[in-house]
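S.K.: Note that my numbering numbers the sequence shown so that position 53 is 124, with each residue one more than the last.
This is the structure I have questions about; it appears just below.
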Amino acid sequence: AVMRAGTVTRAYRDKKEKLATAEAGTREESGPRPRRRRRRPGKRIEEDEEEAVFREVVSFTPAPLPVRYYDKDTTTPTSFYLSSLEELLAWTPHMDDGFNVALEPLERRQPPLSSQRPRTLLCHDMMGGYLDDRFIQGTAVQNPYSFYHWQYIDIFVYFSHHTVTIPPVGWTNAAHRHGVCVLGTFITEWSEGGRLCEAFLAGDEGSYQAVADRLVQIAQFFRFDGWLINIENSLSLAAVGNTPPFLRYLTTQLHQQVPGGLVLWYDSVVRSGQLKWQDELNEQNRVFFDSCDGFFTNYNWREEHLERMVRQAGERLADVYVGVDVFARGKVVGGQFDTNKSLELIRKHGFSAALFAPGWVYECLEKRDFFQNQDKFWSLLERHLPTHSICSLPFVTSFCLGMGTRRVCYGQEEAVGPWYHPSAQDIQPLFGEHRLGGDGGGWVKTYCCLVDAWHGGSSLLLRGTIPPEVGNVAVRLFSLQVPVPPKIFLSMVYKLEGPTDIGVALQLTTGDISSCHVGGISVLNEMSSRHSPRPLRVPPTKLARWAGRCGQPLSGGWVQRCYELSLRGCLLLDLFVSFSRPPGSQEQESFVCRLGEIQVVDANSLLSPLPQVQAVTVTHTRWQQAAPVQLQLSCTLHWSYPLLQVRCFRIHHWSGAGRGSHGREPLWPEKPTLLGLAFANQYRVVDLPVDAVGPGQEGRVEFLVEPVPREGFLVPQAEWGRTVLLYSAPA
Numbered sequence: 072a073v074m075r076a077g078t079v080t081r082a083y084r085d086k087k088e089k090l091a092t093a094e095a096g097t098r099e100e101s102g103p104r105p106r107r108r109r110r111r112p113g114k115r116i117e118e119d120e121e122e123a124v125f126r127e128v129v130s131f132t133p134a135p136l137p138v139r140y141y142d143k144d145t146t147t148p149t150s151f152y153l154s155s156l157e158e159l160l161a162w163t164p165h166m167d168d169g170f171n172v173a174l175e176p177l178e179r180r181q182p183p184l185s186s187q188r189p190r191t192l193l194c195h196d197m198m199g200g201y202l203d204d205r206f207i208q209g210t211a212v213q214n215p216y217s218f219y220h221w222q223y224i225d226i227f228v229y230f231s232h233h234t235v236t237i238p239p240v241g242w243t244n245a246a247h248r249h250g251v252c253v254l255g256t257f258i259t260e261w262s263e264g265g266r267l268c269e270a271f272l273a274g275d276e277g278s279y280q281a282v283a284d285r286l287v288q289i290a291q292f293f294r295f296d297g298w299l300i301n302i303e304n305s306l307s308l309a310a311v312g313n314t315p316p317f318l319r320y321l322t323t324q325l326h327q328q329v330p331g332g333l334v335l336w337y338d339s340v341v342r343s344g345q346l347k348w349q350d351e352l353n354e355q356n357r358v359f360f361d362s363c364d365g366f367f368t369n370y371n372w373r374e375e376h377l378e379r380m381v382r383q384a385g386e387r388l389a390d391v392y393v394g395v396d397v398f399a400r401g402k403v404v405g406g407q408f409d410t411n412k413s414l415e416l417i418r419k420h421g422f423s424a425a426l427f428a429p430g431w432v433y434e435c436l437e438k439r440d441f442f443q444n445q446d447k448f449w450s451l452l453e454r455h456l457p458t459h460s461i462c463s464l465p466f467v468t469s470f471c472l473g474m475g476t477r478r479v480c481y482g483q484e485e486a487v488g489p490w491y492h493p494s495a496q497d498i499q500p501l502f503g504e505h506r507l508g509g510d511g512g513g514w515v516k517t518y519c520c521l522v523d524a525w526h527g528g529s530s531l532l533l534r535g536t537i538p539p540e541v542g543n544v545a546v547r548l549f550s551l552q553v554p555v556p557p558k559i560f561l562s563m564v565y566k567l568e569g570p571t572d573i574g575v576a577l578q579l580t581t582g583d584i585s586s587c588h589v590g591g592i593s594v595l596n597e598m599s600s601r602h603s604p605r606p607l608r609v610p611p612t613k614l615a616r617w618a619g620r621c622g623q624p625l626s627g628g629w630v631q632r633c634y635e636l637s638l639r640g641c642l643l644l645d646l647f648v649s650f651s652r653p654p655g656s657q658e659q660e661s662f663v664c665r666l667g668e669i670q671v672v673d674a675n676s677l678l679s680p681l682p683q684v685q686a687v688t689v690t691h692t693r694w695q696q697a698a699p700v701q702l703q704l705s706c707t708l709h710w711s712y713p714l715l716q717v718r719c720f721r722i723h724h725w726s727g728a729g730r731g732s733h734g735r736e737p738l739w740p741e742k743p744t745l746l747g748l749a750f751a752n753q754y755r756v757v758d759l760p761v762d763a764v765g766p767g768q769e770g771r772v773e774f775l776v777e778p779v780p781r782e783g784f785l786v787p788q789a790e791w792g793r794t795v796l797l798y799s800a801p802a
C-alpha cells in the first residue's frame, strides 16, 4: 500500500530487528516482574483478553540511567552528540539508543536527489544546537523555532561544533516525511581538532577506516543519511595525504549500507594541509571533491568565483553547493532578506545552493513575527527553488507544525498549554499567495494557524477573494507524482469563518500515462485534466474504520467531506482546494477557511488487517515523593509493532489506588488521560502523579498504547496495547 523503495525498506527493517533483539535482551535484566492475568468482568476490555501485569515495591533508590541518553533531572530521553575520537570509536548500539532512531524512512520524491539538476541544502546552525529539539518526546516551550518549507529543499544538515553531531531524531522524522535527506556533521577545529586528525589520519589505513566505519554505523543505526565532513584545522602532510582515501572509503561504505547516502566536504583545508578557505572549487581543493559526493563552498565568493567553478566542476555542477551565510557575515553576496540575490547568481551558473543558518529569521528578528518573517524569507527565494513532488500513498496531513498552544484530537481539545515535538510535524503544503490574471484582483493566500486545529496543534488558514467575473478560485497545496491505484478515497476537513455559502472542494490534476480513464470517461493524451471527485455517500463495510467519521456531525464548526475516485492508468500531479461563489451571487466574495485535514488513500490499503500492539512491558522505574499523599512515577514502556505501518503511537494511562488485596477495583474515569506521542516502539513516562499507598494497599496504573495507522483512521480502544503496573509500599 505504501510505496517506498524496497532497498530502503529492507535495510530499515533489518536494523529495527537488530534493535528489537538488543531491547529484548535488556528487558529481561531490569524492571518489575510481569505476570499474565485476565481482565475481570465489568472492566473496559473484553473479559477474555489478556494483559501483562507488573508488580513493583516502591523504592526511592532506583538504578541510575545513562546520562548520555536521558535528562539528568527528569530522565526524559534526549538526543546526544559525541565529543571526542575516543567516544566515537567506543560507540556501539545500546538499548537506550532506541529513542533516537528515526521512525520515518526517507520517502521518495520527484525529482530525486540523484538527478543532475541544481539542489538546495539547508544547514541548520542555531545557538550551538541541541536546544529544545533535543527532547525526543517533546517539551513544553513557548515560541520554538519551526521549519516547514520542506518542499523547496533537498538536504538538511544538522550542524553544531561538537565532534560528531548526530541529528536529533525529530528533525530526521520531519525531513524524511517530506522526502528530504538528513546529514550529521563530523567537525574538527583548532589545535585540539588538529591532534584528533593526526590520531586517525596520519597513521595507516586501519585508523581512518575505523573512524569511517563508525560514522557509517551511526548513520545506519539512527536512520539518517550521511555526513558533512568539516576539517577546520591544519593537517600534516601525512594526514592530508590520507584524507582523500578516508573520504573515498567513507563514501563507498556509506553507499553500501545507507541507500541514497551522501558524504559532503566543506571548503576548508587545501591539498597542502593548510587551513585556507578558497570560497570556490579549484585545484587546491579539488582532490577532496573528487573523493566524495559533493563540495560545500565557503561564503565569501563573488560571481567570478562561480564563473571559474563552471570549468572546474564539469558535469558535476549540481554537486557543488555554493555556501550562502544568511546572517550576511563577512564580504558576502546577499544574505538576510537579500538572500535571493545570492540564489539568483548561483542558479544562473547551474550550481546547487547551501543556505547556512536560515534560522536568522528566528534568532535576530521579533519572535512574535516569526511566521510572517519565515514566510517572507522563503517567498523571496521561491522562484529559485524548484518544488518537489510527493510520490507515494497514503498521503495524510493535518497541517500540524509539531507545536502548538494546545493539543487537539479530531476536534476534541485534549490539553491546553504550549508544546513542541518536531517528530509530530505533518506533511506541510506549499505556502504562498496565488493571484488570478487580469484586473479582477482574485487571490488566495495560505498561512500557518496556531489559533485553531482539527488534529494536533495547528491548521492551514486560507484567505482570499473571488472577483465578480469568475466563478471560483483555486490554490495548489501539494505537488504530486503518484501513479494512481484503481480506486482512491479522499477526505477533507475544513471550517469556514462567519456565515457564508462559499463552496469548498478538493481538485486533483492528472497527467497522462498513455491513457488515463476517470470513472467511465476516457481522458486520452491530455497532459493535464482537473477532476472534482464525487462524494463517498455509503462507505463500504471494510472501510468502516477509515470512513467512520464521514457524514457525522463534527464539533467546533468543522465539516468533513469524503470522496471516492476511480482512475486507471493515471498519474496524480497536483492537489488543489477550490473556493466557489454562492449560487446567484454577482459580487466580489471574500472568504476565510481553515483546513484541518486532507487524506488521499489507496482503497486497497484499507482492506489489509490491522496489526496488534503486542508485548507491552514496563522497565526502569523511578519513584519520587511528591506530597504526603502523592508519588511521581517514571518508567519506560516497550512494545512490539510493525513500524512501517504506523504514523505514531498515542500513549495513555488510567491510575487509581487504595484497594486492599481483596478490595474492589477502583473506578476509572470515562476516558484515559493522554501522556504523549511516541515515534518508536518505546516511550518514557516521566513524573506521572499517582496516589501514594499505605501498608496493605495496592496502587494501580494502566498504560495504553494506541497505534495511529498511516492511513489516518482511529483504532478502537479495545484494540490498543496495554499493561498494568501494580505497586505497593515497602514492608
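Glycine included, each C-beta is placed from N, C-alpha and C at the ideal position.
Please read all numbers here as calculations on a predicted model, not as lab measurements.
To test your reading of the DSSP string, which unbroken beta strand (DSSP E) runs of 3 or more residues are found completely within the stretch 683-752?
M.R.: 685-698, 701-711, 717-731, 744-749
S.K.: Where does PHE317 land, buried or exposed, given buried means 16+ other C-beta within 10 angstroms?
M.R.: buried
S.K.: Measure the C-alpha to C-alpha separation of GLN324 and HIS723 and round it to an integer number of angstroms.
M.R.: 42 Å
S.K.: In the DSSP output, which residue or residues are listed as bridge partners for ILE559?
M.R.: LEU636, ASP673
S.K.: Check whether chain D comes within 8 Å of ALA800, counting only Cβ atoms and requiring the distance to be less than that.
M.R.: Going by chain labels, chain D is absent from the structure shown, which holds only one protein chain.
S.K.: Rounded to a whole number of angstroms, what is the C-alpha to C-alpha distance between VAL251 and TRP221?
M.R.: VAL251 and TRP221 have their alpha carbons spaced roughly 7 Å apart.
S.K.: List the residues that DSSP assigns as beta-bridge partners of ARG547.
M.R.: PHE647
S.K.: By DSSP's criteria, ARG285 is part of a beta bridge. Which residues make up the other side?
M.R.: In the DSSP output, where bridge partners are listed per residue, ARG285 has none listed.
S.K.: Using C-beta distances below 6 Å, list every residue in its chain close to GLN788, excluding the 5 sequence neighbours before and after it, in chain order.
M.R.: none
S.K.: Is the beta carbon of VAL129 closer than 8 Å to that of TRP694?
M.R.: yes
S.K.: Output the boundary residues of the alpha helix (DSSP H) element that contains HIS247.
M.R.: 240-248
S.K.: Going by DSSP in three states, GLY312 sits in which element: helix, strand or coil?
M.R.: helix
S.K.: Can you give the Cα-Cα distance for VAL684 and LEU388, rounded to whole angstroms?
M.R.: Inter-residue distance for VAL684 and LEU388 is about 49 Å (C-alpha atoms, whole angstroms).
S.K.: In this structure, how does DSSP classify GLY569 when only helix, strand and coil are distinguished?
M.R.: coil
S.K.: What residue range is occupied by the uninterrupted alpha helix (DSSP H) comprising TYR433?
M.R.: 431-434
S.K.: Report the rounded CA-to-CA distance for THR243 versus ALA495, giving the unit in angstroms.
M.R.: 11 Å
S.K.: Return the residue from the list GLY475, ASP275, ARG547 that minimises the CA-CA distance to ALA576.
M.R.: ARG547
S.K.: In the structure shown, what three-state DSSP assignment does TRP514 receive?
M.R.: Secondary structure of TRP514 (DSSP, three-state): strand.
S.K.: Among all the DSSP beta bridges, which residues are the ones paired with CYS520?
M.R.: SER530
S.K.: Closest to THR794 by C-alpha separation, out of ALA245, ARG771, THR147, VAL717, would be which residue?
M.R.: ARG771
S.K.: For PHE441, does the three-state DSSP call read helix, strand or coil?
M.R.: In the three-state reduction of the DSSP assignment, PHE441 falls in the helix class, which pools H, G and I.
S.K.: Decide if the stretch 257-271 is in contact with the stretch 221-235; the criterion is three or more beta carbon pairs, one per stretch, under 8 Å apart.
M.R.: yes
S.K.: Is the beta carbon of TRP162 sitting closer than 8 Å to the one on ARG294?
M.R.: no
S.K.: When the Cα atoms are used, what is the spatial distance from LYS566 to PRO801?
M.R.: 55 Å
S.K.: Secondary structure at SER155, three-state DSSP: helix, strand or coil?
M.R.: SER155: coil per DSSP, three-state reduction.
S.K.: Residues in the same chain with beta-carbon distance under 8 Å from ALA281, minus the five sequence neighbours each way, listed in chain order, please.
M.R.: Only LEU160, PHE271 meet the Cβ criterion.
S.K.: Hey, could you find the ends of the beta strand (DSSP E) GLY265 is sitting in?
M.R.: No beta strand (DSSP E) contains GLY265, which is instead part of the alpha helix (DSSP H) from 261-272.
S.K.: Assuming PHE422 is part of the beta strand (DSSP E), what are its boundary residues?
M.R.: Neither: PHE422 is in no beta strand (DSSP E) and is coded neither H nor E.
S.K.: Could you pull out every residue in the same chain whose Cβ sits closer than 6 Å to the Cβ of ALA698, ignoring the five residues on either side in sequence?
M.R.: none
S.K.: Using the beta-carbon count (16 or more within 10 Å), is GLN208 buried or exposed?
M.R.: The residue is buried, with at least 16 neighbouring Cβ atoms inside 10 Å.
S.K.: In this structure, what does DSSP give as the bridge partners for GLU303?
M.R.: Beta-bridge pairing links GLU303 to GLU260.
S.K.: So, at 7 Å on beta carbons, what are the nonlocal neighbours of LEU551 in its own chain, with the 5 sequence-adjacent residues on each side left out?
M.R.: Excluding sequence neighbours, LEU551 sits near SER460, ILE461, LEU643, LEU644, ASP645, LEU646.
S.K.: Mapping DSSP to helix, strand and coil, what is ASP53?
M.R.: Outside the displayed range of the chain (72 to 802) lies residue 53, so it cannot be described from this structure.
S.K.: Decide yes or no for the touch test of the stretch 307-321 against the stretch 355-367: beta carbon pairs closer than 8 Å, at least 3 of them.
M.R.: Here the stretch 307-321 makes contact with the stretch 355-367; the two share three or more CB pairs at distances below 8 Å.
S.K.: Given GLU658, which residues of its chain have a CB within under 8 Å of its CB, disregarding the five upstream and five downstream residues?
M.R.: PRO539
S.K.: DSSP on PHE131, reduced to helix/strand/coil?
M.R.: coil
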